[in-house]
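Top line first, the protein sequences correspond to chains Y and B.
The UniProt record's numbering puts the first sequence at residues 1 to 709.
The UniProt record's numbering puts the second sequence at residues 1 to 325.
All residues carry an ideal CB built from backbone N, CA and C; glycine is no exception.
Keep in mind that this is a model prediction, so the values were computed, not measured.
Step one of this worksheet: look at the structure below.
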Amino acid sequence: MTTSELQFDTPSDRVVEGPVLQVEDLHVSFPSEAGRVQAVRGLSYSVSPGEVLGIVGESGSGKSVSSLAVMGLLPSSARITGSIRFQGRELIGQSDTELSKIRGRRISMVFQDPLSALTPVYTVGDQIAEAILIHKRGSVSKAAAAKRAVELLDLVGIPNAAERAKAFPHEFSGGMRQRAVIAMAIANDPDLIIADEPTTALDVTVQAQVLQLLETAQEVTGAGIVIITHDLGVVAGFADRLMVMYAGRAVETGLVDDIYQQPRMPYTLGLLGSIPRLDVSEKQALVPIKGQPPSLTDLPPGCPFAPRCPMVVDACHTAEPPLFDVDGSAEHRAACIRTNEIAATDAEGAEAAVEIFGAEVADDPEVAKIPREQRETVLELDHLVKEYAVNKGVVFKRRVGTVHAVAGISFDIREGETLGLVGESGCGKTTTLMEILNLQKPMSGEISVLGTKSSEVDGKRRFAIRRDMSVVFQDPMASLDPRLTIHDCIAEPMQVHGYSKSEINRRVPELMRLVGLRPEQLSRYPGEFSGGQRQRIGIARALALEPKLVVLDEPVSALDVSIQAGVINLLEELKAKLGLAYLFVAHDLSVVRHIADRVAVMYLGKIIEIGEVDSVFEQPRHPYTQALLSAIPIPDPVKERQRERIILTGDLPSPANPPSGCRFRTRCFLHASLPPEKQRTCIEVEPPREVQAPDHEAACHFAQVREVL
Amino acid sequence: MTVILNEGDSAGTTGAASGSPVDAAPDPGKAMTRGRLVLIRFARNKLALVGLAIIVGMYLMAFVGPLLSKWTYDQQDYSAFLEPPYADHIFGTDKIGTDMFALTMRGLQKSLIIGLLVALISTTVAAIVGAAAGYFLGVADKTLMWVVDLLLVLPSFLIIAILSPWFRGKSWFLLVLMLAAFQWMITARIVRGMTLTLKEREFVKAAKFMGQPARKIIAKHIVPNMASLLIIDATINVGSAVLAETGLSYFGFGVQSPDVSLGTLIGGNAESATTFPWLFLFPAGFLVVFVLAVNWVGDGLRDALDPTSTRVRRKEKKNTKEKAA
């Protein structure tokens with residue numbers, strides 16, 4: 001990354017002493033039909049120059065609202081009280097015109113969704129130049145602003161910046177757009193950058209790039225950074241201090257290391273315990289936090305977390321605890337009356353959570369005891385190929401190219417086994433899934449479900465296979481018909497397959513209980529349930545026909561961490577109880593490590609590494625797997641800082657025009673380090689999948705073990 | 001319509017507690033099917049029930065009323081011209097001495113049937129054609145949309161006018177079909193667009209992957225999710241069908257004298273509205289009340305079908321509270 005001739009004043013030039021941002025006793029409330037929603041209730045924090053503050057919390061905890069209040073971007077119906085001081089200047093009560101002078105110039109923001117943060121009708125360069133011109137009109141000419149825009153794009157690592165500045169946002173990939181947004185945020189050398197879930201919408205490899213970029217941005221501008229996230233892993237290596245929010249208040253604040261090692265509030269404990277760890281091989285128990293965050297319209301007295309807390313005592317219901325200093329340090333504070341008792345447990349971090357929340361590991365299913373080779377094959381893919389034609393022209397369509405979405409992949413799943421299919425978005429995971437679920441004759445290759453080949457089945461047989469294979473989708477909001485009651489949703493597959501009415505009426509409540517929901521709720525509509533509950537309903541529907549194979553398409557990625565743990569536990573329990581086989585598609589490798597027995601890594605329509613999960617995670621052979629693994633943040637600040645990061649350059653190449661030979665070579669760090677004659681092999685010969693260890697195959701000419709965890 | 005969010009409905013956004021008894025199931029333990037639930041929700045809406053009662057009442061009146069009256073619509077009382085309502089002619093008489101009650105009832109018969117049938121047929125056709133085109137795409141889509149575009153560019157009024165001598169004397173049902181045939185195209189286009197987006201939703205895919213045949217997916221998932229649009233469309237169509245028929249009849253097509261419809265009555269007597277108001281007010285009043293009642297029923301149906309609508313439930317909550325007090 002070039003620092004070029006960009007002019008940023010050095011951090012030492014700061015005129016203002018003390019914290020950049022000081023928030024004191026901030027209250028924000030919104031009117032709603034059910035009463036006033038107290039979104040933020042007495043929040044205090046400060047950010048020093050050059051400091052990174054992480055704000056962590058579930059959705060609805062008020063973390064975004066509090067930062068929007070700092071930016072002055074809340075709707076006029078919001079009632080804001082308290083004090084927000086930016087470099088000693090009070091922001092509350094300032095007019096919008098006054099704030100506009102500070103916004104974008106002194107405080108800038110990076111939003112979650114890079115797609116909607118850029119205007120689609122202007123070029124990226126123009127938009128960055130605009131950010132400069134707004135605040136420096138008169139002193140900077142248009143040409144100078146455009147030149148600086150290019151320099152900024154170069155700074156954030158966009159290759160060929162001068163050319164790309166003329167591109168429109170839709171021509172950028174998600175990661176590049178987020179880079180452009182960051183370029184815009186640092187364009188005026190701000191003193192404070194607020195990043196609201198900057199990596200949530202991005203792939204893991206891109207997430208690592210963006211986090212590194214934010215670090216660079218912080219270095220060049222010397223700004224204080226507030227990073228808001230729901231993922232404790234993301235901030236572990238990046239933030240200096242942490243603030244955990246719950247129900248509109250800070251419940252624990254402190255230095256990152258202290259919070260991760262000695263959490264003193266049960267909620268923080270729960271959050272830490274609910275994250276599947278990439279670096280833990282033996283089955284680790286995940287802590288689900290029961291229940292839902294409270295409604296913020298009228299909170300009962302007492303600790304808002306009390307209804308979900310495993311350590312609750314009567315005293316918790318009397319008054320809401322303020323932030324106490326814990327462990328005798330003024331830096332680390334927690335809002336819990338029983339902090340001393342938590343401190344008394346020997347275990348640290350996530351283990352303490354398991355102890356306190358009493359989570360259990362599900363047993364292995366019965367079939368898992370039989371050796372893999374002797375078990376029945378549930379699903380087998382043999383060199384499956386799926387291509388899409390790229391057409392041009394309106395009247396006469398000409399074929400101008402082919403998208404090789406899936407380029408010959410093979411794997412099998414045995415009874416009672418979970419195969420995790422991972423890869424970046426655009427690598428062909430979803431296409432593979434749709435091919436399997438459609439059960440049509442593939443363009444080339446073969447799909448066999450329970451020994452029946454999809455190319456040889458007629459409509460009747462296909463219908464029969466559907467009974468043994470079901471699907472759970474990613475988005476619990478979209479996967480249930482909003483117009484059907486829960487009963488009808490779960491009953492649908494049984495109606496299709498001709499179950500009798502009495503049998504359906506018997507089985508539906510049974511399924512509800514199986515997924516941990518109460519059968520009394522059957523005549524409600526999906527809209528009345530939360531995301532986690534809806535995902536459970538989706539699972540109940542998938543299990544209705546007692547399938548052998550359940551295809552899970554990112555089943556937990558749309559859920560909050562604490563809810564996610566509950567769903568993962570449920571999936572494991574069901575697998576053990578019913579002897580199911582799962583095809584688990586995910587981009588979150590830590591979840592895959594937790595739930596899968598075997599894992600297949602996809603890149604550009606090919607499986608580049610496949611094998612037993614511990615073997616692949618501990619001794620990855622393919623450079624891409626190594627890069628993927630190293631990009632996943634580990635929720636442990638000490639480990640995280642020591643880890644070696646492999647940052648992949650660039651984005652996934654277009655599947656319409658994949659590189660010759662090894663498809664990964666364009667981004668491969670190993671390829672770059674090889675002597676030219678060996679590089680030739682990569683360019684000319686496509687690496688076959690070769691056995692590297694027992695039940696571990698990788699497709700790389702120069703495969704070598706590299707531990708990255 | 002007011003949208004009131006209570007805890008249960010905000011569950012989607014804030015994730016409200018699962019245990020809160022928002023909508024106590026009327027019969028716990030036994031789950032209900034959609035049909036019964038919709039019926040119960042519809043029955044809770046008083047205005048919709050009133051509307052339904054009015055429509056049923058009007059039908060009874062239109063078909064039973066003439067039997068009780070001593071006058072018929074094609075009979076003249078030469079002793080009473082342009083008489084205001086009195087005991088013998090309760091709605092008065094027109095300038096040639098025809099009993100206005102008999103005429104209004106005869107007109108009501110025609111308009112009730114034409115209005116409701118045209119609305120039903122055109123909305124049904126729109127839903128089926130639009131959903132099929134959007135769901136199947138390909139050749140089916142191309143053909144159906146070609147038909148839609150063709151019908152859209154044809155001047156419907158002219159065609160009905162040209163064809164009307166041919167169906168003169170034949171069944172009135174032909175007129176209904178003709179009117180319906182020119183009313184469904186725009187809705188069908190909207191329905192097709194909505195189907196395209198609905199089709200990508202995961203619950204439609206889920207139904208497909210569990211083996212549900214296409215026609216059932218359309219009937220069970222796609223059309224109900226457009227119910228609001230279709231019901232509003234149908235209620236508007238009732239009014240416009242009556243008006244279209246009025247327009248046709250005014251120019252001498254459509255319903256022909258001596259037969260009458262509310263349209264011909266209103267059209268013919270509009271100029272007497274101020275001088276001899278009974279000639280105009282009775283047929284016009286019936287038309288207004290009829291369209292209003294249809295709208296109420298439509299509203300009620302939409303609320304009953306739409307799970308996010310809270311009006312029904314809120315009312316029930318209030319009632320239970322009152323009872324408890």
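Delimiting residues of the beta strand (DSSP E) encompassing residue i
{"i": "glycine 408 of chain Y", "result": "398 to 414"}
{"i": "glutamate 446 of chain Y", "result": "444 to 449"}
{"i": "asparagine 391 of chain Y", "result": "377 to 392"}
{"i": "serine 470 of chain Y", "result": "469 to 472"}
{"i": "valine 37 of chain Y", "result": "37 to 47"}
Beta-carbon proximity list for residue i, same chain, < 7 Å, skipping 5 on both sides
{"i": "alanine 285 of chain Y", "result": "Val354, Ala359, Glu360 and Val361"}
{"i": "alanine 324 of chain B", "result": "Since pLDDT at alanine 324 of chain B reaches only 49, below the 50 mark, its modelled position is unreliable, and the value read off the structure follows with that caveat. Counting only Cβ-Cβ distances below 7 Å, and skipping sequence neighbours, we find nothing."}
{"i": "valine 616 of chain Y", "result": "Val599, Glu609, Thr625 and His696"}
{"i": "lysine 199 of chain B", "result": "Gly134 and Tyr135"}
{"i": "phenylalanine 42 of chain B", "result": "Ala48, Gly300, Leu301 and Ala304"}
{"i": "alanine 284 of chain B", "result": "Ile266"}
Chain-ordered neighbours of residue i on chain Y, where CB pairs are closer than 8 Å
{"i": "glycine 130 of chain B", "result": "Chain Y residues near glycine 130 of chain B: none, gap ~17 Å exceeds 8 Å."}
Proximity of residue i and residue j at Cβ, strictly below 8 Å
{"i": "isoleucine 159 of chain B", "j": "leucine 248 of chain B", "result": "no"}
{"i": "arginine 85 of chain Y", "j": "leucine 192 of chain Y", "result": "no"}
{"i": "isoleucine 607 of chain Y", "j": "leucine 278 of chain Y", "result": "no"}
{"i": "serine 448 of chain Y", "j": "leucine 545 of chain Y", "result": "no"}
{"i": "arginine 179 of chain Y", "j": "valine 150 of chain Y", "result": "no"}
{"i": "valine 52 of chain Y", "j": "leucine 271 of chain Y", "result": "no"}
{"i": "serine 122 of chain B", "j": "glycine 263 of chain B", "result": "no"}
{"i": "glutamine 218 of chain Y", "j": "alanine 343 of chain Y", "result": "no"}
{"i": "alanine 335 of chain Y", "j": "methionine 265 of chain Y", "result": "yes"}
{"i": "isoleucine 537 of chain Y", "j": "proline 526 of chain Y", "result": "yes"}
{"i": "alanine 319 of chain Y", "j": "proline 301 of chain Y", "result": "yes"}
{"i": "residue 390 of chain B", "j": "serine 479 of chain Y", "result": "Residue 390 of chain B is absent from the structure shown; chain B starts at 1 and stops at 325."}
Contact set for residue i: own chain, Cβ-Cβ below 6 Å, skip 5 residues either direction
{"i": "glycine 65 of chain B", "result": "Met105"}
{"i": "glutamine 619 of chain Y", "result": "Val705"}
{"i": "histidine 135 of chain Y", "result": "Arg105 and Asn188"}
{"i": "glycine 115 of chain B", "result": "Val238, Ala241 and Val242"}
{"i": "proline 26 of chain B", "result": "With a pLDDT of only 39 at proline 26 of chain B, under the threshold of 50, the placement of this residue in the model should not be trusted; the figure read from the coordinates follows. Here the set comprises nothing."}
{"i": "alanine 407 of chain Y", "result": "Gly605 and Lys606"}
{"i": "alanine 24 of chain B", "result": "Legend: pLDDT at alanine 24 of chain B = 35, less than 50; position of this residue unreliable, value from coordinates given subsequently. There are no such residues."}
Same chain, Cβ closer than 8 Å to residue i, neighbours up to 5 away in sequence not counted
{"i": "arginine 641 of chain Y", "result": "Gly237"}
{"i": "lysine 30 of chain B", "result": "Residue placement at lysine 30 of chain B is flagged as unreliable, the pLDDT there being 49, under the threshold of 50; a coordinate-derived value is accordingly withheld."}
{"i": "valine 223 of chain B", "result": "Ala127, Ala131 and Leu230"}
{"i": "glycine 416 of chain Y", "result": "Pro365, Glu366, Val367, Ala368, Arg375, Lys575, Gly579, Leu580 and Ala581"}
Residues that residue i contacts on chain B, provided the C-beta gap is smaller than 7 Å
{"i": "glycine 328 of chain Y", "result": "Near glycine 328 of chain Y there are no residues of chain B at all, since even the closest Cβ is about 37 Å away, more than 7 Å."}
{"i": "valine 676 of chain Y", "result": "First, the amino acid is wrong: residue 676 of chain Y is proline here, not valine. In chain order: nothing, as chain B lies at least about 48 Å away."}
{"i": "leucine 437 of chain Y", "result": "Phe209"}
{"i": "valine 244 of chain Y", "result": "Under the 7 Å cutoff, chain B gives no residues; its nearest Cβ is about 18 Å from valine 244 of chain Y."}
Beta-carbon neighbours of residue i, restricted to chain B and to distances below 8 Å
{"i": "histidine 587 of chain Y", "result": "The contacting residues do not exist; histidine 587 of chain Y stays about 17 Å from chain B at best."}
Endpoints, alpha helix (DSSP H) assigned at residue i
{"i": "arginine 483 of chain Y", "result": "Neither: arginine 483 of chain Y is in no alpha helix (DSSP H) and is coded neither H nor E."}
{"i": "tyrosine 260 of chain Y", "result": "256 to 261"}
{"i": "arginine 536 of chain Y", "result": "531 to 543"}
{"i": "isoleucine 266 of chain B", "result": "262 to 269"}
{"i": "valine 153 of chain B", "result": "138 to 153"}
Residues that residue i contacts on chain Y, provided the C-beta gap is smaller than 7 Å
{"i": "aspartate 203 of chain B", "result": "Here residue 203 of chain B turns out to be phenylalanine, not aspartate, going by the sequence shown. Correct list: Ala478, Ser479, Leu480 and Asp481."}
Beta-carbon neighbours of residue i, restricted to chain B and to distances below 9 Å
{"i": "valine 496 of chain Y", "result": "Ala207, Met210, Gly211, Gln212, Pro213 and Lys216"}
{"i": "serine 64 of chain Y", "result": "Going along chain B, no residue has its Cβ under 9 Å from serine 64 of chain Y, so there is no contact; the nearest lies around 13 Å."}
Residue i: contacting residues in chain Y (beta-carbon distance under 9 Å)
{"i": "proline 224 of chain B", "result": "Asp481, Arg483 and Leu484"}
8 Å Cβ cutoff, residue i in contact with chain C
{"i": "aspartate 475 of chain Y", "result": "This model lacks chain C altogether; the protein chains it does include are Y and B."}
Which whole runs of the beta strand (DSSP E) in the stretch 94 to 143 of chain Y are 3 residues long or more, in chain order? With a minimum length of 3 residues, the continuous beta strand (DSSP E) runs that stay inside the stretch 94 to 143 of chain Y are 107 to 110.
Going along the chain, which unbroken runs of the alpha helix (DSSP H) with 4 or more residues stay wholly within the stretch 548 to 630 of chain Y? For the stretch 548 to 630 of chain Y, whole alpha helix (DSSP H) runs of length 4 or above, ordered along the chain, are 561 to 578, 589 to 595 and 613 to 618.
Quick one: complete alpha helix (DSSP H) runs, 4+ long, within the stretch 223 to 303 of chain Y? Whole alpha helix (DSSP H) segments, 4+ residues: 232 to 236, 256 to 261 and 266 to 273.
Please give me, in chain order, every unbroken run of the beta strand (DSSP E) with length at least 3 that falls completely inside the stretch 313 to 363 of chain Y. If we require 3 residues or more, the beta strand (DSSP E) runs fully inside the stretch 313 to 363 of chain Y come out as 324 to 326 and 329 to 334.
Considering only residues of the stretch 158 to 206 of chain Y, which uninterrupted alpha helix (DSSP H) runs meet the minimum length of 4 residues and lie entirely inside it, listed in chain order? Correct list: 161 to 164 and 174 to 186.
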